[in-house]
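Report on the structure given below.
2 protein chains.
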Amino acid sequence: MNHQDRSYKDKKVISIGTVSELTGLTLRQIRYYEERKLIAPYRNERGTRKYSFIDIETLMDIADKREDGVQTTEILKEMKLKEKQRESDAEVRKKMLRGQLNAQFNIGRERN
Amino acid sequence: MNHQDRSYKDKKVISIGTVSELTGLTLRQIRYYEERKLIAPYRNERGTRKYSFIDIETLMDIADKREDGVQTTEILKEMKLKEKQRESDAEVRKKMLRGQLNAQFNIGRERN
DNA sequence: CGTGTAAGGAATTCTGACACG
DNA sequence: CGTGTAAGGAATTCTGACACG
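Encoded structure:
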């Protein structure tokens, strides 16, 4: 996935009515999940909410969990946890790469 | 670019006001280019136009050409020409692949 | 040809609030 | 807590048309 594509997923350009159609959620629900900090739409000049495709995916996850009876507070915790996991995974990858580079460098030195 | 990403670029979910902001074109211009068949937004149940990111890219190309004084008829021709080129390119790729497969097959036969 | 604009109507979106369970 | 709903106002979008160069 290149930069260009990423920008599409992230770009907040979809209005709430369309999001409602795409997710099957009511306007009320979508706005409420925002109130509970589960999503953060962009607001244009005159306050209209704009969502990205990522927001839509998040909303669909939320919908599934709500159907299973999970409360918004719990969903928020889960989302934050996953965020932390992604961060630490990225950290691990960075360290592994550094380790490999060091190994390479040492092999190079041994040969001289 | 996987299927998932493609669907984002192609999905017609952006309303004309947002497209106007993103492209710098007026509503009038955007609707006119549709009249001239340069773009084909989706229409939802009650007739509201919905555009994709691809449509937006196309509109930006159109804007550039219009600035250079190219008429919409010419732009339409250019777009159709490019479409044909893409088709024939795909055709060539398919033939090349077929050729390679045949070659492979023949080599296999020679060995037996 | 390409674009602006005023016109009238219909649908969208927003907020704050009351309701219910 | 999560969601529905009615309320009032502001902005959006649509179409068909006249205007201009």
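Residue numbers (the UniProt record's numbering), protein chains in the order written: chain A, 1 to 112; chain B, 1 to 112. The C-beta atom is built at its ideal place from N, Cα and C for all residues, glycine as well. For clarity, every value in this text was computed on a predicted model and none was experimentally measured.
Asked	Found
Chain A within 8 Å of Y42 (chain B), Cβ atoms only	no
8 Å Cβ cutoff, I16 (chain A) in contact with chain B	no
Nearest-angstrom Cα separation, counted from T23 (chain A) out to S7 (chain B)	16 Å
S15 (chain B) - DSSP class collapsed to helix/strand/coil	strand
Partners in chain A for Y8 (chain B), counting only beta-carbon separations shorter than 7 Å	Y8, K9, F53
A90 (chain B) versus R66 (chain A): straight-line alpha-carbon distance, rounded	46 Å
Burial state of R36 (chain A) (16 or more Cβ within 10 Å)	exposed
I62 (chain B) and Y33 (chain B) closer than 8 Å at C-beta	yes
Contact belief for I56 (chain B) with V19 (chain B) at Cβ below 8 Å, rounded distance in angstroms	6 Å
Alpha-carbon to alpha-carbon, K84 (chain B) and L25 (chain B)	28 Å
Contiguous alpha helix (DSSP H) assignments of at least 4 residues, all confined to the UniProt domain "HTH merR-type" (13 to 81) of chain A	16 to 23, 27 to 35, 53 to 67
Contacts around M60 (chain B), its chain only, beta-carbon distance under 8 Å, and the 5 residues preceding and following it disregarded	T23
Cβ-based neighbour list, K12 (chain B), same chain, cut-off 8 Å, excluding 5 preceding and 5 following	P41, Y42, K50, Y51, S52, D55
is_contact[V70 (chain B), chain A] using C-beta, thresh 8 Å	no
L38 (chain B) burial status per 10 Å Cβ neighbour count (16 or more: buried)	buried
Residue-level contact to chain A via CB, V92 (chain B), 8 Å cutoff	no
Length of the line joining the Cα atoms of R93 (chain A) and D10 (chain A)	24 Å
Rounded straight-line distance, which links the Cα of D64 (chain A) to that of I16 (chain B)	31 Å
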